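Before any comments, here is the structure.
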Amino acid sequence: MLTWPLLYDETSHRFSLDWEKLEELAAKAKLLIFCSPHNPSGLVFDHETLTRLCLVAKAHNLIILCDEIHADLSFTDHVCLHTVAKEVGAAAITCMAPSKTFNIAGEHYSVTLFSDEAMRTQFIHRLSQLFIADTSTFATTLALASYEKGLPWLQALLVYLQKNASLVEEFLAKRIPQLVFIKPEASFIGLIDCSLIMHLVEADKHAHPELYDEQKSPGGGLLSRFFGQRAGLAFNDGTWFGGEEYRHFVRLNYGTPTSNVERALTKMEEAVNFLLASYRS
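So for the sequence shown, my numbering puts the first residue at 106; every next one is plus one.
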């Protein structure tokens, strides 16, 4: 597995694709795993960007495996990689599902698009070898009903999510300037840059190591343990998404009633104020 980290500008707090690194890695790989919209950065990729990606993959005989599970939750127009791959003749497998859109992940319904029939045939053959059956009648009916009847609800949801995202951005800017919300262009999750408090969290860990015991929270990281212990909030630690390069991030899920987001932000403020009062010299 070769990793292709995003570039992060600490001044603008924006992520971008590292094209130079992609060219280097593409020569060594057979498959390119891509996420569009991107999780956890929240980037939505335009037609030009996806065309460039497909052309790199085509030049190096790479198959693109694209996860588009957050596609329906884009705040701007979503461009399907399957369409672009067909335009330029790149090999691609695009995976989509209504699970994030309509909160029906438990029904295990998804759609897989192939840029050519040969890959589809191989895929179906492999499914039969693994004894993976078709989706249930209930799941299929639910997915159809969601897409046929759910557009007004989805449109209202997108407005609600954007309002929650703006609330997080504005609250942090005004009340917790030590934290920066990387406002996403899609979905209900976003990263918070905690770079300015990392040394304070390290000091808290040194003073109270029992709160950061890896045996008690083996799946966490420094920041997720801090917010868990000091604020009572369950965040995904940035290290889940890119190792140590993401250690100064946490991922926030704001896909919940605004009142819950407000309570969470208040708890975050209290936790950061505790750090400032306890360890800032």
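Just so it is clear, CB atoms sit at the ideal spot from N, CA and C, and this is done for glycine as well. Keep in mind it's a predicted model, so treat the numbers as computed, not measured.
Collapsing the DSSP output to three states places phenylalanine 354 in a strand. Straight-line measurement puts the Cα of leucine 262 at about 22 Å from the Cα of alanine 244. For tyrosine 113, the secondary structure class from DSSP, reduced to helix, strand or coil, is strand. At least 7 Å separates the beta-carbon of alanine 190 from that of serine 146. The C-beta of threonine 206 has 16 or more other C-beta atoms within 10 Å across all chains shown, which makes the residue buried.
Nearest to lysine 288 by alpha-carbon distance, out of Ile281, Lys268, Arg157, is Lys268. With contacts defined by Cβ atoms closer than 7 Å, alanine 238 and proline 203 do not form a contacting pair. Annotated as distal: histidine 187 and alanine 176, with beta-carbon spacing of 7 Å or more.
In this structure, the beta-carbon distance from glutamate 290 to proline 110 does not fall below 7 Å. If you draw a 10 Å sphere on the C-beta of threonine 199, you find 16 or more other C-beta atoms in it, and that means buried. In this structure, the alpha-carbon of alanine 196 lies about 45 Å from that of serine 364. With contact defined as three or more Cβ pairs closer than 8 Å, the segment 338–357 and the segment 307–317 are not in contact. The alpha helix (DSSP H) runs lying completely inside the segment 194–279 and spanning 4 residues or more are 204–207, 222–234, 242–254, given in chain order. DSSP, reduced to helix, strand and coil, places cysteine 185 outside both helices and strands of the structure shown, so it counts as coil.
Rounded to the nearest angstrom, the gap between the Cα atoms of valine 149 and serine 179 is 7 Å.
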